[in-house]
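Position one of the sequence shown corresponds to residue 1125 (our numbering), numbered consecutively onward.
Positions of the beta carbon are idealized from the N, C-alpha and C atoms, including for glycine.
These notes are about the structure you will find just below.
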Amino acid sequence: MKIEFLYSKSTGRSTAAEEALRLAIESTDPTIEVNYTEVIDSEDARDKKFLGSPSIRVDGVDVEYGDREPDEYQAGTRYYNTPEGWKPYPHARLIANTILEMQARAKK
């Protein structure tokens, strides 16, 4: 299993997003590898199908959209609906649920 943490050059890697990712990995599978990828500009965002900063994918599947990713890509800040309201990073539970879903798919 592989996790991609994509982030915009303009926003950098958010400490809160990295902490949510760390918590999700610790609660599911501490051996998961994380690859960090910087997105340079709008063209790079389109090429990488980047939905905004940060975007986290588990085995290529976006933690928020799953298999139904939108066709619009952008290099700006991305917001997630969390239990605490809209935040510029996903909740650890959202990431963990995607990890568990992808693990279940792999066992089929």
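Are the C-beta atoms of residue i and some chain B residue less than 7 Å apart?
{"i": "residue 1136", "result": "Among the chains of the structure shown, chain B does not appear; only one protein chain is present."}
Check each candidate in the options and name the one with the smallest Cα separation from residue i.
{"i": "residue 1217", "options": "1229, 1172 and 1204", "result": "1204"}
{"i": "residue 1180", "options": "1231, 1230 and 1144", "result": "1144"}
{"i": "residue 1125", "options": "1138, 1132, 1142 and 1185", "result": "1185"}
{"i": "residue 1235", "options": "1129, 1215, 1166 and 1201", "result": "In the structure as shown, the chain starts at 1125 and stops at 1232, and residue 1235 therefore has no counterpart that could be examined."}
Could you spell out where the beta strand (DSSP E) holding residue i opens and where it closes?
{"i": "residue 1179", "result": "1179-1182"}
{"i": "residue 1164", "result": "Careful: residue 1164 lies outside any beta strand (DSSP E) and carries neither H nor E."}
{"i": "residue 1223", "result": "Note, residue 1223: premise wrong, no beta strand (DSSP E); alpha helix (DSSP H) at 1216-1231."}
{"i": "residue 1206", "result": "1204-1206"}
Quick test of your reading: residue i and residue j, contact by CB under 8 Å. State the CB separation rounded to the nearest angstrom.
{"i": "residue 1223", "j": "residue 1148", "result": "6 Å"}
{"i": "residue 1135", "j": "residue 1206", "result": "In fact, because the Cβ distance is near 18 Å, the residues do not count as touching under 8 Å."}
Mark residue i as exposed unless 16 or more other C-beta atoms lie within 10 angstroms of its C-beta, in which case mark it buried.
{"i": "residue 1132", "result": "buried"}
Beta carbon of residue i, beta carbon of residue j: below 7 Å?
{"i": "residue 1189", "j": "residue 1138", "result": "no"}
{"i": "residue 1163", "j": "residue 1173", "result": "no"}
{"i": "residue 1140", "j": "residue 1178", "result": "no"}
{"i": "residue 1166", "j": "residue 1199", "result": "yes"}
How is the alpha helix (DSSP H) around residue i delimited, first residue to last?
{"i": "residue 1143", "result": "1139-1152"}
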